[in-house]
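Below you'll find the structure, written out as structure tokens, and then a few comments.
2 protein chains.
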Amino acid sequence: MNIGDVSRESGVSTKMIRYYEEIGLIPAAHRTEAGYRTYSDKDVHQLRFIRRARDLGFSVTQLAELLTLWSDGHRASADVKRIARQHIAELEHKIQELRAMTDALKHLAEHCHGDHRPECPILEDLAGAVEVEARHMDLTRFGAGGVDPVRRKKEIH
Amino acid sequence: MNIGDVSRESGVSTKMIRYYEEIGLIPAAHRTEAGYRTYSDKDVHQLRFIRRARDLGFSVTQLAELLTLWSDGHRASADVKRIARQHIAELEHKIQELRAMTDALKHLAEHCHGDHRPECPILEDLAGAVEVEARHMDLTRFGAGGVDPVRRKKEIH
DNA sequence: TTAGGGCTTCCAACGGTCGGAAGGTCAAGC
DNA sequence: GCTTGACCTTCCGACCGTTGGAAGCCCTAA
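Protein chains in written order, with full-length UniProt numbering: chain B, 1 to 157; chain C, 1 to 157.
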């Protein structure tokens with residue numbers, strides 16, 4: 001099987017398969033005389049494993065641990081469970097952060113009239129609630145939409 | 001004020017201030033004869049605005065829009081609300097994804113004994129539930145923990 | 001033999017932030 | 001005036017995971 005075949009069968013792009021090989025997550029594939037990578041059904045199976053774990057949000061580092069455990073017939077399921085629990089904790093922490101953001105934003109958005117008038121509690125909060133009056137007086141000349149600077153390698157889309 | 005002062009007062013690192021200038025999010029600062037950037041209280045104000053918006057998870061692109069609106073005395077609050085609502089939707093979508101991951105993982109972890117034995121529903125699910133038997137028979141030789149490949153620029157920690 | 005697709009490697013970009021090197025500048029203390 | 005140390009400058013790279021593209025070789029069917 002060539003790399004394109006395993007890619008289709010495993011759902012992992014050829015780019016990523018080569019990358020995983022490069023970082024040592026998967027062993028280097030055998031090569032044909034022409035230098036083509038060749039794969040077996042077992043490799044497809046392993047890449048599917050990787051794909052699923054990635055879909056569950058495991059990092060590549062965690063994935064390496066899981067693969068080692070997967071390959072170890074004498075593993076203790078406690079080790080797997082530990083990795084999973086740790087990942088769950090990370091995910092829940094992330095969720096908490098996002099929740100806090102959305103709650104704060106929703107609260108602000110609810111109090112914004114959302115009409116043609118310029119008054120907006122969202123901007124006022126971002127500017128700093130204490131300084132609302134000052135902002136109205138003399139801070140209206142800011143902005144990124146003005147004269148366009150040089151913009152070397154990156155720019156805002 | 002030098003860049004270090006604004007950084008301390010705004011909570012935005014000097015690295016990021018230079019970066020924001022480079023991508024055109026903020027205008028290029030004035031320079032002293034020696035080439036040092038100089039800033040005013042208004043710049044501190046603006047950077048605080050940026051800091052708060054970033055803390056709320058707005059992307060730099062969205063930030064550019066918000067800054068433009070902030071600087072526009074004739075803006076309609078509806079525009080700000082639209083950006084906020086869009087961002088809320090993105091955040092909630094992300095939360096949903098993470099929720100789905102944690103739910104799936106929790107379900108698996110609950111059914112894992114977590115003891116010394118190798119049997120583990122977490123790994124079995126990752127390997128593909130249908131092929132559990134096959135895995136036990138002949139797929140135990142996989143793994144990233146084997147012979148360490150060359151590892152050029154990147155490696156797994 | 002030619003055309004097309006697949007394969008190879010290498011280089012860069014994305015977003016946002018940080019670390020560090022190499023060198024110039026400024027203030028204080030001697 | 002000189003040294004010291006904190007600050008500033010630019011430039012380059014790393015992080016993580018993924019994608020895009022270029023340039024060139026290989027394979028197969030027509």
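Every residue gets a Cβ at the ideal spot worked out from N, C-alpha and C, and that includes glycine.
Just so we're clear, the structure is a prediction, and the values are computed from it rather than from any experiment.
Item to check | Straight-line Cα distance separating arginine 82/C from tyrosine 20/C | outcome: 24 Å
Checklist entry - Using a C-beta cutoff of 7 Å, does valine 80/C count as contacting chain B? => result yes
Next on the checklist: So glutamate 33/B contacts chain C; which residues on that side make the cut at Cβ distance below 8 Å?
Outcome noted: Those do not exist, as glutamate 33/B stays about 21 Å from chain C at its closest Cβ, beyond 8 Å.
Item to check | With 16 other Cβ atoms within 10 Å as the buried cut-off, status of glutamate 119/C | outcome: exposed
Checklist entry - Using the rule of at least 16 other Cβ atoms within 10 Å of the residue's Cβ for burial, across every protein chain shown, is serine 13/B buried or exposed? => result exposed
Item to check | Chain-ordered residues of the segment 83–106 of chain B with a beta carbon less than 7 Å from chain C | outcome: Ala84, Arg85, His87, Ile88, Leu91, Glu92, Lys94, Ile95, Leu98, Arg99, Met101, Thr102, Ala104, Leu105, Lys106
Checklist entry - Of all the alpha helix (DSSP H) runs that stay within the bounds of the segment 48–78 of chain B, which reach a length of 4 or more residues? => result 60–71
Item to check | Per DSSP, the bridge partner or partners of histidine 30/C | outcome: Thr38/C
Checklist entry - Can you give the Cα-Cα distance for arginine 8/B and glutamate 90/C, rounded to whole angstroms? => result 30 Å
Checklist entry - If you run the structure through DSSP and keep just helix, strand and coil, what is serine 7/B? => result helix
Next on the checklist: I need the straight-line Cα distance from serine 71/B to alanine 28/B, nearest angstrom please.
Outcome noted: 16 Å
Checklist entry - Would DSSP call methionine 1/B helix, strand or coil? => result coil
Next on the checklist: For the alpha helix (DSSP H) containing aspartate 125/C, name the first residue and the last one.
Outcome noted: 121–127
Next on the checklist: On a Cα-Cα basis, can you pick out the residue from Gln62/B, Met1/B, His45/B that is closest to threonine 32/B?
Outcome noted: Met1/B
Checklist entry - In whole angstroms, what separates the C-alpha of leucine 98/C from that of isoleucine 95/B? => result 7 Å
Checklist entry - Under three-state DSSP, which class holds aspartate 115/C? => result coil
Item to check | Assigned exposure category for histidine 45/B - 16 Cβ within 10 Å defines buried | outcome: buried
Checklist entry - serine 40/B versus chain C: which residues are under 7 Å apart at the beta carbon? => result By Cβ distance, chain C contributes nothing, its closest Cβ being about 11 Å from serine 40/B, past 7 Å.
Checklist entry - Can you give the beta carbon distance from residue 246/B to leucine 67/B, rounded, assuming they're within the 8 Å contact cut? => result The question about residue 246/B has no answer, for chain B in this structure spans 1 to 157.
Checklist entry - CB arginine 85/C to CB leucine 126/B, shorter than 7 Å? => result no
Item to check | chain C contact for isoleucine 17/B (CB, 7 Å cutoff) | outcome: no
Checklist entry - Quick one: what's got a C-beta closer than 6 Å to glutamate 65/B's C-beta in the same chain, skipping five residues either side? => result Ile83
Item to check | Opening and closing residue of the alpha helix (DSSP H) in which isoleucine 17/C lies | outcome: 14–22
Checklist entry - What is the rounded straight-line gap between the Cα of glycine 4/C and the Cα of lysine 42/C? => result 15 Å
Checklist entry - Nearest CA to the CA of serine 77/B: which residue from His111/C, Ile17/C, Tyr39/C? => result His111/C
Next on the checklist: Please classify tyrosine 39/C as buried or exposed, where buried requires at least 16 other C-beta atoms within 10 Å of its C-beta.
Outcome noted: buried
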